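Remarks on the structure that follows.
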Ligand code: C2E
Ligand code: MG
Ligand code: MG
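Residue numbers (my numbering): 5 to 571.
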């Protein structure tokens with residue numbers, strides 16, 4: 005078997021000695037094992053080192069030499085981070101000089117006159133091995149992009165720091181870049197890397213002025229432990245400003261969570277709290293800094309509880325599906341056109357829990373797939389029941405989460421659902437949020453293409469809430485845009501919002517897709533939308549989401565209405 009060492013080129017050793025005889029002896033000892041370079045004094049040694057930095061494995065250094073002696077070489081090496089990666093073994097005849105040389109940074113010594121060849125070779129090879137191990141460790145220790153600690157070392161060092169220096173009382177800080185995937189998607193990975201580098205550099209600069217350590221945990225997640233700062237928003241501002249200076253005109257936003265030091269509390273727990281706080285700051289540009297507090301603590305306990313209760317909730321039908329109608333407002337009077345399935349949780353002890361509480365939680369821990377399947381099943385069998393009862397299909401749309409889109413079995417699962425319930429693809433529409441679309445544009449595009457080829461209609465949910473670019477939108481094969489509710493809320497009073505809505509309607513016309521306006525609560529809102537050419541409206545103005553029995557009244561009214569129109 006070929007070992008990796010055998011196919012690499014031989015390691016190089018630099019022998020520095022002013023005496024030719026010594027150089028020759030050493031050369032003879034090493035000849036079979038190493039490539040050898042020579043220098044006659046310290047000055048020359050430094051030059052050769054700089055020239056062969058990458059090949060050199062070790063320096064054998066005489067101490068007494070003209071021009072520049074060995075101690076001075078050691079001192080120069082020590083000052084130079086490049087040179088100091090190469091270990092030095094001193095060659096000396098004086099016992100007393102050995103200790104001084106070690107103190108000056110030498111890794112080992114070999115006594116003159118040279119005797120047993122095996123001993124010399126063994127020493128040299130051991131030093132080379134040690135230094136190569138150290139280089140490997142140091143490479144793993146640091147994240148290549150930012151120079152901060154890599155995850156495992158960060159955790160290890162912070163544990164040690166807490167064990168051996170409890171007096172520091174450090175807070176955990178979690179720092180993230182909002183929608184980093186979108187930055188990568190819009191500007192390219194190389195740009196994303198630059199952003200991480202600049203942020204990493206600024207974190208290092210911060211830590212050069214205060215006690216603490218920092219690591220890049222993964223992707224855009226940074227972890228810092230530092231002695232309590234008087235003003236965390238100011239620290240956030242510092243990092244934010246740096247990015248604005250370096251990348252003017254690019255919208256990069258940071259969020260920050262703090263896990264404050266607490267007596268007898270494990271640093272990993274503090275880091276979890278910081279992360280939790282940072283998650284709560286997600287998407288909240290007004291308060292991008294959150295400090296973990298009592299309220300968050302109870303929130304975490306609640307999350308824990310909801311996670312534990314999910315299975316039982318599905319079994320015991322605490323989870324149910326409500327339906328909210330969408331009306332076609334271009335016909336007069338408005339006509340029931342379809343519905344959206346929205347999950348509800350009636351918890352036996354906690355009462356009615358809105359999906360805004362548990363959906364993001366289950367999205368973050370992977371349980372959402374299970375919940376979504378449950379909702380899709382319910383919706384599909386409901387469509388079948390209604391078709392059976394009323395003699396026509398009322399299309400229902402269901403929500404897809406980000407992780408559903410990445411499920412390789414998604415298309416199969418949905419196809420099976422359609423078959424098992426005897427439906428048509430058109431009966432079940434799929435709502436994908438805008439943010440899931442920008443995530444990893446390529447993958448998402450492929451999935452959406454496949455779903456549409458199969459026959460499903462795709463609605464882009466919450467359009468305008470995130471960062472989608474027009475560019476992306478024109479590639480995205482969608483059938484319907486669902487305008488985010490925030491545009492509708494102030495549409496009557498805000499001219500800006502009116503203009504934005506008009507713009508979105510224009511874009512939709514250009515792309516030849518329909519628009520659903522969500523969150524329509526008043527007649528005035530409705531009129532503005534109708535005048536602007538919006539096709540479909542969903543909102544409290546028509547109806548809140550309803551349990552199936554109540555929704556049936558809307559269907560029945562719809563049937564009566566159709567009858568009177570077509571006598
Ligand atoms: P969404 O998909 O954008 O759903 C629309 C939300 O707007 C619903 O909130 C609905 O009740 C609410 N809404 C409708 N009309 C009005 C109105 O006129 N005024 C106001 N203020 N709100 C209105 P809901 O049911 O609380 O759901 C919130 C979000 O949770 C949904 O937003 C959706 O993203 C998610 N969600 C709900 N059910 C599911 C599900 O089964 N799976 C997944 N993955 N997500 C779901
Ligand atoms: Mg939706
Ligand atoms: Mg929506």
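Yeah, the Cβ is synthetic: ideal placement off N, Cα and C, and Gly gets one too. All figures in this text were calculated on a predicted structure; none of them were measured in a lab.
Checklist line | Local conformation of residue 466 per DSSP, three classes | finding: Numbered from 1 along the chain shown, position 462 holds the residue referred to as residue 466. In the structure shown, residue 466 sits in a strand (DSSP, three-state: E or B).
Next item on the list: Report the rounded CA-to-CA distance for residue 276 versus residue 413, giving the unit in angstroms.
Entry: Within the chain shown, numbered from 1, the residue matching residue 276 stands at position 272. Within the chain shown, numbered from 1, the residue matching residue 413 stands at position 409. Each residue's Cα considered, the two are about 32 angstroms apart.
Check: Considering only the beta carbon of each residue, do residue 60 and residue 74 sit closer than 8 angstroms?
Finding: As a position in the chain shown, residue 60 is number 56, starting the count at 1. As a position in the chain shown, residue 74 is number 70, starting the count at 1. Contact flag unset, no.
Margin query: I'd like the list of long-range same chain contacts for residue 9, defined as Cβ closer than 8 angstroms, with 5 residues on each side in sequence excluded.
Written below: Here residue 9 corresponds to residue number 5 of the chain shown, with the count starting at 1. Its pLDDT being 34, under 50, residue 9 is placed unreliably by the model, and nothing is read from it.
Check: Does the beta carbon of residue 486 fall short of 7 angstroms from some heavy atom of ligand 3?
Finding: To locate residue 486, count along the chain shown from 1; it is residue 482. Yes; taking the cut-off as 7 angstroms, the Cβ of residue 486 has a heavy atom of ligand 3 nearer than that.
Notebook entry, point to check: If we count Cβ pairs, one from each stretch, closer than 8 angstroms, do we get three or more for the segment 326-344 versus the segment 541-557?
Noted result: yes
Next item on the list: Could you check which residue in 195, 343, 323 and 365 has the C-alpha nearest to that of residue 352?
Entry: Mapped onto the chain shown, residue 352 falls at position 348. Residue 323 is the option with its Cα nearest to residue 352.
Item checked: Stretch pair the segment 337-344 + the segment 302-311: three plus CB contacts closer than 8 angstroms -> no
Check: How would you label residue 451, buried or exposed, when you count the other beta carbons within 10 angstroms and need 16 or more for buried?
Finding: The sequence position of residue 451 within the chain shown is 447, counting from 1. Classification of residue 451: buried, given that the 10 Å Cβ count is 16 or more.
Note to self: Can you tell me whether residue 441 is helix, strand or coil according to DSSP?
What the structure shows: Sequence index remark: in the chain shown, residue 441 carries index 437 (1-based). Note: residue 441 maps to helix in three-state DSSP.
Margin query: Starting from residue 342, trace the beta strand (DSSP E) in both directions and tell me its first and last residue.
Written below: The sequence position of residue 342 within the chain shown is 338, counting from 1. Where residue 342 is concerned, the enclosing beta strand (DSSP E) stretches over 339-351.
Item checked: Proximity winner among 232, 402, 183 and 85, relative to residue 213 (alpha-carbon distances) -> Translated into the one-based positions of the chain shown, residue 213 becomes position 209. Taking only the C-alpha atoms, the option nearest residue 213 is 232.
Next item on the list: Kindly indicate which three-state DSSP category residue 405 falls into: helix, strand or coil?
Entry: Within the chain shown, the letter at position 401 stands for residue 405. Three-state DSSP puts residue 405 in coil, outside helix and strand.
Checklist line | Range covered by the beta strand (DSSP E) that runs through residue 163 | finding: Here residue 163 refers to the residue found at position 159 of the chain shown. No beta strand (DSSP E) contains residue 163, which is instead part of the alpha helix (DSSP H) from 155-168.
Next item on the list: Taking only heavy atoms of ligand 2 into account, decide whether any of them is closer than 7 angstroms to the Cβ of residue 408.
Entry: Reading the chain shown from its first residue, position 404 is the one you call residue 408. It does not: the Cβ of residue 408 is nowhere closer than 7 angstroms to a heavy atom of ligand 2.
Note to self: Suppose contacts are defined by Cβ-Cβ distances below 8 angstroms. Is residue 536 in contact with residue 517 by that definition?
What the structure shows: For the purposes of this step, residue 536 is taken as the residue at position 532 of the chain shown. For the purposes of this step, residue 517 is taken as the residue at position 513 of the chain shown. It is not a contact, given that the beta carbons lie outside the stated cut-off.
Check: Nearest-angstrom Cα distance between residue 202 and residue 469?
Finding: Counting from one through the chain shown, the residue named residue 202 turns up at place 198. Counting from one through the chain shown, the residue named residue 469 turns up at place 465. Looking at the two C-alpha atoms, the distance is approximately 27 angstroms.
Next item on the list: Compute the beta-carbon to beta-carbon distance between residue 342 and residue 398, rounded to the nearest angstrom, for a pair I have assumed lies under 8 angstroms.
Entry: Working through the chain shown from its first residue, we reach residue 342 at position 338. Working through the chain shown from its first residue, we reach residue 398 at position 394. Indeed they touch by this definition, with Cβ atoms about 6 angstroms apart.
Note to self: Rounded to whole angstroms, what is the Cα-Cα separation between residue 285 and residue 254?
What the structure shows: In the chain shown, the residue the question calls residue 285 occupies position 281. In the chain shown, the residue the question calls residue 254 occupies position 250. Rounded to the nearest angstrom, the two C-alpha atoms are 20 angstroms apart.
Next item on the list: Could you have a look at residue 302 and say whether DSSP puts it in helix, strand or coil?
Entry: Here residue 302 is taken as the residue at index 298 of the chain shown, counted from 1. Correct three-state label for residue 302: helix.
Item checked: For residue 137, the first and last residue of its enclosing alpha helix (DSSP H) -> Residue numbering aside, residue 137 sits at position 133 when the chain shown is read from its first letter. First-last of the alpha helix (DSSP H) with residue 137: 121-145.
Checklist line | Local Cβ density within 10 Å of residue 266, reported as buried at 16 or more and exposed below that | finding: Here residue 266 refers to the residue found at position 262 of the chain shown. By the neighbour-count rule (16 or more Cβ atoms within 10 Å), residue 266 is not buried but exposed.
Note to self: My assumption, with CB atoms under 8 angstroms, is that residue 70 sits in contact with residue 135. Please give the rounded CB distance.
What the structure shows: In the chain shown, counting from the first residue as 1, residue 70 sits at position 66. In the chain shown, counting from the first residue as 1, residue 135 sits at position 131. Contact doesn't hold; Cβ gap of about 29 angstroms is too wide.
Check: Quick one: Cα of residue 218 to Cα of residue 208, how far?
Finding: On the chain shown, position 214 is the one that residue 218 refers to. On the chain shown, position 204 is the one that residue 208 refers to. The alpha-carbon atoms of residue 218 and residue 208 are separated by roughly 8 angstroms.
Check: Taking C-beta to C-beta, are residue 257 and residue 289 nearer than 8 angstroms?
Finding: Start at 1 with the first residue of the chain shown, and residue 257 comes out as number 253. Start at 1 with the first residue of the chain shown, and residue 289 comes out as number 285. Closer than 8 angstroms, so yes.
Item checked: Closer than 6 angstroms: residues whose CB approaches a heavy atom of ligand 2 -> 344, 403, 435 and 465
Check: To the nearest angstrom, how far is it from the Cα of residue 568 to the Cα of residue 425?
Finding: Position 564 of the chain shown, counted from the start, is the residue given in the question as residue 568. Position 421 of the chain shown, counted from the start, is the residue given in the question as residue 425. Straight-line Cα distance between these residues: approximately 32 angstroms.
Item checked: residue 435, DSSP secondary structure in three states -> Within the chain shown, residue 435 is the residue found at index 431, counting from 1. Three-state DSSP puts residue 435 in a strand.
Next item on the list: Classify residue 128 as buried or exposed, calling it buried when 16 or more other Cβ atoms lie within 10 Å of its own Cβ.
Entry: Along the chain shown, one-based indexing puts residue 128 at 124. Residue 128 should be labelled buried.
Next item on the list: Please report how far the alpha carbon of residue 268 lies from the alpha carbon of residue 161, in whole angstroms.
Entry: Here residue 268 corresponds to residue number 264 of the chain shown, with the count starting at 1. Here residue 161 corresponds to residue number 157 of the chain shown, with the count starting at 1. Straight-line Cα distance between these residues: approximately 18 angstroms.
Next item on the list: Would you kindly report the start and end of the unbroken alpha helix (DSSP H) that includes residue 498?
Entry: The sequence position of residue 498 within the chain shown is 494, counting from 1. Careful: residue 498 lies outside any alpha helix (DSSP H) and carries neither H nor E.
Next item on the list: Assign residue 107 to buried or exposed, taking buried as 16 or more other Cβ atoms, counted over all protein chains shown, within 10 Å of its Cβ.
Entry: The residue you call residue 107 lines up with position 103 of the chain shown. Looking at its Cβ environment, which holds fewer than 16 other Cβ atoms inside 10 Å, residue 107 is exposed.
Note to self: Looking at the secondary structure, which residues open and close the beta strand (DSSP E) in which residue 228 lies?
What the structure shows: Taking the first residue of the chain shown as 1, we reach residue 228 at position 224. It spans 225-231 - the beta strand (DSSP E) in which residue 228 sits, taken as one unbroken run.
Note to self: Measuring only the C-alpha atoms, how far is residue 417 from residue 236?
What the structure shows: Numbered from its first residue, the chain shown carries residue 417 at position 413. Numbered from its first residue, the chain shown carries residue 236 at position 232. Residue 417 and residue 236: Cα-Cα distance of roughly 47 angstroms.
Next item on the list: Indicate the three-state DSSP secondary structure (helix, strand or coil) for residue 554 in the structure shown.
Entry: Here residue 554 is taken as the residue at index 550 of the chain shown, counted from 1. Residue 554 falls in the helix class under three-state DSSP.
Margin query: With three or more C-beta pairs closer than 8 angstroms as the rule, is the segment 507-524 touching the segment 476-494?
Written below: yes
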